[in-house]
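Student:
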């Protein structure tokens, strides 16, 4: 208690020096929370979006399917397993047949993935209802980024060329029945969605699919003959790795910031100990043990972190709350990176994140405060009283 | 230890290592101080006054011999026991006052009582009493940088006296003061010595201080050359 009382008095007495240290440390606090908040927010948003739009709660992959190898698409198709017919009729699965194709918007050529999806599916957020109903031509829906890239709009015709099951090229026009906006590029960029039946017919692959997204746990999520089940851990593995790598990058950033703030505190402590050696000698002469004096200086340094927490809360909390409301707008072209990013990232601050930041900053501040304070133990009090310690 | 003896020094030697050799600061000192003395260690710079004061104040240890201070051997004392001795029984007054610059007068005087873990009301009462002794009650809320040299030294006296120690060690307490302030300070200390029977031991070469001493121990080159009781 005595150490805390003395530390508060000394900190208040040090005025501007204390304020500057506290302010810099508060910046470190707020930036650490903000950066981690954005990472968590992006993580949360990205996971939610890819689950809602792309993966459902898991996928059955035809055993030859490899999403990273387009050459597998030729053989990666098989009849939808009979075990999944019942859930299919209830809209609990979304079978998708995939093939490579070329579109010719305004005479230009663009390679795309032509995907057939069940218009009645309820598993994914893709608005496949727009594919329902009678159409003179095959209806297609596109993501808004894709539509913007190839400069098409609802009602436009688009020439599509593909190879059927026998390797024969075929082509026809599809009509753009609708556009949708999604943050998941894998659903949007270079994707053309048409009804599953139409693509099966075009490809001569009756009742076949390449992968099947499922809405709920089906059949214990076990593999089926010719189909491998991919759970969310497997499906989200790459994204999790990317987020981990991004987190590590950000950790370096905030460690640098924290190091700068801690260096300022370390310097202040070192200066304090030499500037206040008479005070230290007097403390000892009045009956404080060296350990008590070290305690006072360590607590005094650590109090910077406590004050920084308060100052950070005063100016940082409104800023963080505002960012939570408005989000951080992403720069132009971010959607070309292939990452599931929305127009603005909404940060997510958890109690754990805040506690973690508080504990890390407080402990590191205590350590850098203690290190120079140890020199007190080596001081000769007689020299200290006269200010003679070099 | 003899009756009423507060300090008993026997065959005390203190040397410091200097450039691979020993510099002897005190040599074969034998002294005894009784309760309530108003005594000065007098001598030129380098005569060993401050070294002796530091050993008596348990801020330093003897190289040989021993000093027994309030029943405690300084030769064998550990750091914890030395802190206890200073905290409870000894007050210090320094040449440069050594007040805490960020504390008010009240807080400076209160500090030794915080170490003694007294309650807030006990501390307040004792601090106000001590400030009354030195005539600084109106300056209770001032900071050291708002005080004159004389006032600062009076705060230091109040700080040394507030816990009513058995002994006050004053190292050149008037060295930074003019004649008028020096006399004022010394009269205050004489009065406190009388009223509270606190032993005062000075290290000084200031004639203004010497005039007030009742016993003068002269040191030269680390040796006691005379020890005289002054009859007043």
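Residue numbers (our numbering), protein chains in the order written: chain V, 9 to 398; chain U, 7 to 238. No residue lacks a Cβ here, since even glycine has one placed at the ideal position from N, Cα and C.
1) Establish whether the CB of residue 7(U) and some CB of chain V are separated by less than 8 Å.
2) Roughly how many angstroms separate the alpha carbons of residue 23(V) and residue 65(U), rounded to a whole number?
3) Just list the residues that DSSP pairs residue 29(U) with in beta bridges.
4) Please name the residue or residues paired with residue 353(V) in a DSSP beta bridge.
5) What would DSSP say about residue 125(U), mapped onto helix, strand or coil?
6) I want to see whether chain V comes within less than 8 Å of residue 113(U), judged by CB atoms only; does it?
7) Could you check how far apart the C-beta atoms of residue 214(U) and residue 180(U) are, in whole angstroms? I think they sit under 8 Å.
8) Return the residues of the region 270-296 of chain V that lie within a Cβ-Cβ distance of less than 7 Å from chain U, sorted by chain order.
9) Grouping DSSP H, G and I as helix and E and B as strand, with all else coil, what is residue 266(V)?
10) Can you pull the chain V residues whose beta carbon is under 8 Å from the beta carbon of residue 160(U), in chain order?
11) Quick one: is residue 268(V) near chain U, going by C-beta distance under 8 Å?
12) Kindly indicate if chain V contains any beta-carbon less than 8 Å away from that of residue 215(U).
13) Would residue 156(V) and residue 198(V) be called neighbours here (beta carbons separated by less than 8 Å)?
14) Between 151(V), 377(V), 280(V), which lies nearest to residue 187(V) when the distance is taken from Cα to Cα?
15) Quick one: is residue 85(V) buried, meaning 16 or more other Cβ sit within 10 Å of its Cβ, or exposed?
16) Return the first residue and the last residue of the alpha helix (DSSP H) that residue 30(V) is part of.
17) Which residues in chain U have a C-beta closer than 7 Å to the C-beta of residue 18(V)? List them in chain order.
18) So, do the region 41-60 of chain V and the region 243-261 of chain V have three or more beta carbon pairs nearer to each other than 8 Å?
19) Measuring CB atoms only, is the region 173-190 of chain U touching the region 89-103 of chain U, in the sense that at least three cross pairs come out at less than 8 Å?
20) Please identify, using Cβ separations under 9 Å, the residues of the region 55-78 of chain U that lie next to chain C, in order along the chain.
21) Are there three or more Cβ pairs, one per stretch, closer than 8 Å when the region 324-338 of chain V is compared with the region 149-163 of chain U?
22) Taking Cβ positions, are residue 90(V) and residue 220(V) nearer each other than 8 Å?
23) Spatial neighbours of residue 79(U) within its chain, please: CB distance less than 6 Å, with the 5 preceding and 5 following residues excluded, ordered by chain position.
24) Under three-state DSSP, which class holds residue 78(U)?
25) Unbroken beta strand (DSSP E) runs of length 3 or more, entirely within the region 172-243 of chain V: which are they?
26) Relative to the alpha-carbon of residue 322(V), which residue among 38(V), 255(V), 25(V) has its alpha-carbon at the smallest distance?
27) Do the region 43-50 of chain U and the region 256-265 of chain V make contact, defined as three or more Cβ pairs closer than 8 Å?
28) Per DSSP, residue 177(U) forms a beta bridge with which residues?
29) Give the straight-line distance between the Cα atoms of residue 359(V) and residue 372(V), rounded to the nearest whole angstrom.
30) Check the Cβ of residue 303(V) against every Cβ in chain U and list those closer than 7 Å, keeping chain order.
31) Apart from the five residues on each side of it in sequence, which residues of its chain come closer than 7 Å, Cβ to Cβ, to residue 232(V)?
32) Taking a cut of 7 Å between CB atoms, which residues from the region 12-31 of chain U lie near chain V?
33) Under three-state DSSP, which class holds residue 226(U)?
34) Write down the C-beta distance between residue 205(U) and residue 35(U) rounded to the nearest angstrom, noting that I regard them as a contact closer than 8 Å.
35) For a test of the three-state rule: what should DSSP assign to residue 194(U), helix, strand or coil?
Tutor: Well, looking at it:
1) Confidence at residue 7(U) is low in this model, with a pLDDT of 49, below 50, so its placement is unreliable and no value can be given for it.
2) 32 Å
3) 22(U)
4) When DSSP reads this structure, residue 353(V) sits in a beta bridge with 336(V).
5) coil
6) yes
7) That belief holds up - the Cβ atoms of residue 214(U) and residue 180(U) are roughly 6 Å apart, short of 8 Å.
8) 286, 287, 290, 293, 294, 295, 296
9) helix
10) Residues of chain V passing the Cβ test: none, with the nearest at roughly 16 Å.
11) Output row for residue 268(V): interface = no.
12) no
13) no
14) 151(V)
15) buried
16) 24-58
17) 108
18) yes
19) The answer is yes - the region 89-103 of chain U touches the region 173-190 of chain U, with three or more Cβ pairs under 8 Å.
20) Among the chains of the structure shown, chain C does not appear; the protein chains present are V and U.
21) no
22) Cβ distance not < 8 Å, so residue 90(V) and residue 220(V) don't count as in contact.
23) 72
24) strand
25) With a minimum length of 3 residues, the continuous beta strand (DSSP E) runs that stay inside the region 172-243 of chain V are 177-188, 199-203, 219-222, 235-238.
26) 38(V)
27) no
28) 209(U)
29) Looking at the two C-alpha atoms, the distance is approximately 20 Å.
30) What residue 303(V) touches in chain U: nothing, since even the nearest Cβ is about 13 Å away.
31) 68, 89, 91
32) none
33) strand
34) Wrong, their Cβ atoms sit about 18 Å apart, outside the cutoff.
35) helix
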